[in-house]
Amino acid sequence: MSLSQVKRLIKKVDLVLEVVDARDPWGTRSIEVERYAEKLGKPIILVINKSDLVPKEVLAKWKKVLGKKHPVIFLSVAKRLGTRNLWKILRNHAPQKSKNKPVLVAVVGIPNVGKSTLINYLKGSHSVGTSPIPGYTKTTTRLRVSKWLRVYDTPGIVPRLSAEELALRGALRPEALEDPVPAAVKLIELIYKEKPSFLKDLYGIESDNPYQFLEEFAKKRGLLKKGGEPIIEEAARIIIRDWQTGKNNFYLEPEDYGLLEEK
Numbered sequence: 001m002s003l004s005q006v007k008r009l010i011k012k013v014d015l016v017l018e019v020v021d022a023r024d025p026w027g028t029r030s031i032e033v034e035r036y037a038e039k040l041g042k043p044i045i046l047v048i049n050k051s052d053l054v055p056k057e058v059l060a061k062w063k064k065v066l067g068k069k070h071p072v073i074f075l076s077v078a079k080r081l082g083t084r085n086l087w088k089i090l091r092n093h094a095p096q097k098s099k100n101k102p103v104l105v106a107v108v109g110i111p112n113v114g115k116s117t118l119i120n121y122l123k124g125s126h127s128v129g130t131s132p133i134p135g136y137t138k139t140t141t142r143l144r145v146s147k148w149l150r151v152y153d154t155p156g157i158v159p160r161l162s163a164e165e166l167a168l169r170g171a172l173r174p175e176a177l178e179d180p181v182p183a184a185v186k187l188i189e190l191i192y193k194e195k196p197s198f199l200k201d202l203y204g205i206e207s208d209n210p211y212q213f214l215e216e217f218a219k220k221r222g223l224l225k226k227g228g229e230p231i232i233e234e235a236a237r238i239i240i241r242d243w244q245t246g247k248n249n250f251y252l253e254p255e256d257y258g259l260l261e262e263k
């Protein structure tokens, strides 16, 4: 979904629910959307989804950072954790309207953060298609959630970033990358830097070189060419896919962005 389309939608709604990934709340925000909504005076609620993948003490630090400007709610919609509080916060921050005029809410965010899953929870049924594949939602849909609430499910907002960065934010599936190795290497390097033993614990592979790690990963998974050469491209796609789907639950903290004092 283009930024201009999102802006047109924000103009006609009363409130914006921005869904981000708890493993990287800062990197999965839509800053331009937030600024535009703020300019129009539209309330914004930050929904930190997939919160079950991150320790509570880390979530508390993110709340300290992100809660300075907007209300923050932590959810794991797929596991129904924290979802009861969502109704409460919606009622508290939705503008008062006349009896016959429902509150209009835009649910926005980059691809694959869980927007449609959130709407399905609100509506109480599987009315909106969901998939772990980034970009699954293709059109903007208005749905009746209750007598007083209507929500717009939107296609993911694709940031103006390189293909590598989009993949690392979950906004571009690894199959769409012409060469997935640079993105996988960047992810591995980031994990090495922030949590050195994480990949060893997750995959049982000990290496301090991203390319060597991909080779060993390919060998371990049997991803080999006829001559026994490891297929590192397919290994790279799996590494990225595991990150996007939550099998790899590596997470970033505010300190990793320099937003708080060092850990």
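If you count the sequence shown from 1, position 6 lands on 6 in the UniProt record's numbering, and the numbers rise without skipping.
Note that the Cβ used here is the ideal one computed from N, Cα and C, for glycine as well.
The model shown is predicted, which means the values in this text are computed figures rather than measured ones.
Would you say residue i and residue j are within 8 angstroms of each other, going by their C-beta atoms?
i           : j           : result
residue 107 : residue 49  : no
residue 305 : residue 251 : Because residue 305 is not part of the residues shown, which for the chain are 1 to 263, the question remains open.
residue 269 : residue 102 : Only positions 1 to 263 of the chain appear in the structure, and residue 269 is not among them; the question remains open.
residue 194 : residue 200 : no
residue 139 : residue 159 : no
residue 123 : residue 145 : yes
residue 111 : residue 170 : yes
residue 293 : residue 223 : Not covered by the structure: residue 293. The range shown for the chain is 1 to 263.
residue 14  : residue 95  : yes
residue 75  : residue 81  : yes
residue 161 : residue 47  : no
residue 121 : residue 9   : no
residue 73  : residue 53  : no
residue 109 : residue 18  : yes
residue 260 : residue 232 : no
Just verifying my parser: in three-state terms, what is the DSSP assignment at residue i?
i           : result
residue 249 : coil
residue 264 : Outside the modelled stretch of the chain, which goes from 1 to 263, sits residue 264, for which no answer is possible.
residue 37  : helix
residue 7   : helix
residue 18  : strand
residue 106 : strand
residue 181 : helix
residue 293 : Nothing about residue 293 can be read from this structure; the chain reaches only from 1 to 263.
residue 118 : helix
residue 205 : coil
residue 259 : coil
residue 224 : strand
residue 135 : Since pLDDT at residue 135 reaches only 45, below the 50 mark, its modelled position is unreliable, and the value read off the structure follows with that caveat. The answer is coil: DSSP assigns residue 135 none of H, G, I, E or B.
For residue i, tell me which candidate among the options has the shortest Cα-Cα distance.
i           : options            : result
residue 25  : 13, 51, 150, 141   : 51
residue 168 : 157, 151, 187      : 187
residue 208 : 41, 185, 221, 219  : 185
residue 257 : 211, 151, 141, 190 : 190
residue 245 : 66, 21, 93, 216    : 21
residue 38  : 56, 23, 7          : 7
residue 12  : 226, 78, 41        : 41
Three or more C-beta pairs below 8 angstroms linking the stretch 237 to 254 and the stretch 171 to 178: yes
Runs of 3 residues minimum, wholly inside the stretch 50 to 86: which ones carry the beta strand (DSSP E) assignment? 72 to 74
Alpha helix (DSSP H) segments (min. 4 residues) lying fully within the stretch 142 to 174: 163 to 168
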